[in-house]
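Participant:
In the numbering used here, the protein residues as written are 1 to 233.
#1: With DSSP collapsed to three states, give me the class of residue 178.
#2: Do the segment 138-146 and the segment 202-215 make contact, defined as three or more Cβ pairs closer than 8 angstroms?
#3: What are the residues that DSSP puts in a beta bridge with residue 8?
#4: Restricting to Cα atoms, I'd like to know which of 119, 195, 171, 61 is closest to residue 130.
#5: Between residue 26 and residue 50, what straight-line distance do the alpha-carbon atoms span, to the nearest angstrom?
#6: Give the DSSP-derived three-state secondary structure of residue 221 in the structure shown.
#7: Is residue 111 helix, strand or coil when you go by DSSP?
#8: Tell me which residue opens and which closes the beta strand (DSSP E) that residue 81 is part of.
#9: Within 10 angstroms of the Cβ of residue 164, are there 16 or more other Cβ atoms? Answer buried if so, exposed if not.
#10: Would you decide whether residue 152 is buried or exposed? Buried here means 16 or more other CB atoms lie within 10 Å of its CB.
#11: Can you tell me which of 233, 13, 9, 228 puts its alpha carbon nearest to the alpha carbon of residue 121?
#12: Please check the pair residue 199 and residue 209, which I expect to be a contact at CB under 8 angstroms, by giving their CB distance rounded to whole angstroms.
#13: Tell me whether the beta-carbon of residue 169 lies closer than 8 angstroms to the beta-carbon of residue 134.
#14: So residue 149 and residue 211 are supposed to be a Cβ contact under 8 angstroms. How far apart are they, rounded?
#15: Among 110, 190, 54, which has the Cα closest to the Cα of residue 33?
#16: Assign residue 48 to one of two classes, buried (16 or more other C-beta atoms within 10 Å of its C-beta) or exposed (fewer than that).
#17: So for residue 131, helix, strand or coil by DSSP?
#18: Taking 7 angstroms as the cut-off, is the C-beta of residue 7 nearer than that to any heavy atom in the ligand COA?
#19: Who pairs with residue 148 in a beta bridge, going by DSSP?
#20: Can you tell me where the alpha helix (DSSP H) with residue 191 in it begins and where it stops?
Structure (structure tokens):
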């Protein structure tokens with residue numbers, strides 16, 4: 001399984017050194033390198049990333065600030081010369097894999113990335129109830145999430161679309177992110193969640209559903225989509 005990583009360090013020599021070390025580790029793709037948190041946030045909006053290799057002392061926002069700013073935080077391996085930040089860094093323990101001090105030892109980095117690989121491999125959404133009650137047009141409707149084609153945000157409303165009908169709910173896509181706990185539902189664009197069981201085919205930047213609806217897929221979510229459906233061949 002290929003792991004997608006993003007390097008964030010303001011020191012060019014450190015970035016180059018990490019790139020050379022990672023080149024020796026199989027199945028690791030560097031999706032980008034950047035010198036500050038602002039650049040990293042831009043990349044994270046457009047690309048799917050499994051792990052950040054993140055320095056703490058950065059110009060502007062620090063690495064710790066970046067960790068707190070990302071809505072969907074990848075796993076994080078801190079790579080820094082500031083060992084005194086270790087305790088503070090591990091406050092984000094759910095996503096922090098390791099805290100590596102410079103100079104980086106190859107085996108330590110390789111072991112940390114192996115842990116990321118194992119976590120990503122086992123990172124399957126837990127099961128939750130397949131039913132959802134929604135308020136739509138003055139009534140409360142029980143919706144079977146297995147029958148959903150897709151969910152789309154439309155301003156202050158969210159459209160739940162099945163093969164038979166559409167329900168408009170006053171909400172936001174962010175407010176219904178817990179639906180992603182369903183293993184067959186996945187966000188593929190900032191405005192769309194789709195039912196993976198309703199896909200007919202996938203093109204470069206779009207998905208065709210069984211009802212012939214074309215759904216855009218962003219670069220950020222495309223790699224995870226391919227990983228989730230695990231195509232043969």
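Beta carbons: idealized from backbone N, C-alpha and C, even for Gly.
Facilitator: According to the data block:
#1: helix
#2: no
#3: 34, 54
#4: 195
#5: 15 angstroms
#6: coil
#7: helix
#8: Taken as a continuous stretch (DSSP letters only), residue 81 belongs to no beta strand (DSSP E), as it is neither H nor E.
#9: exposed
#10: buried
#11: 228
#12: 6 angstroms
#13: yes
#14: 6 angstroms
#15: 54
#16: buried
#17: strand
#18: Of ligands this structure carries none, so the ligand COA is not represented either.
#19: 162
#20: It is not in any alpha helix (DSSP H) - residue 191 carries neither H nor E in the DSSP assignment.
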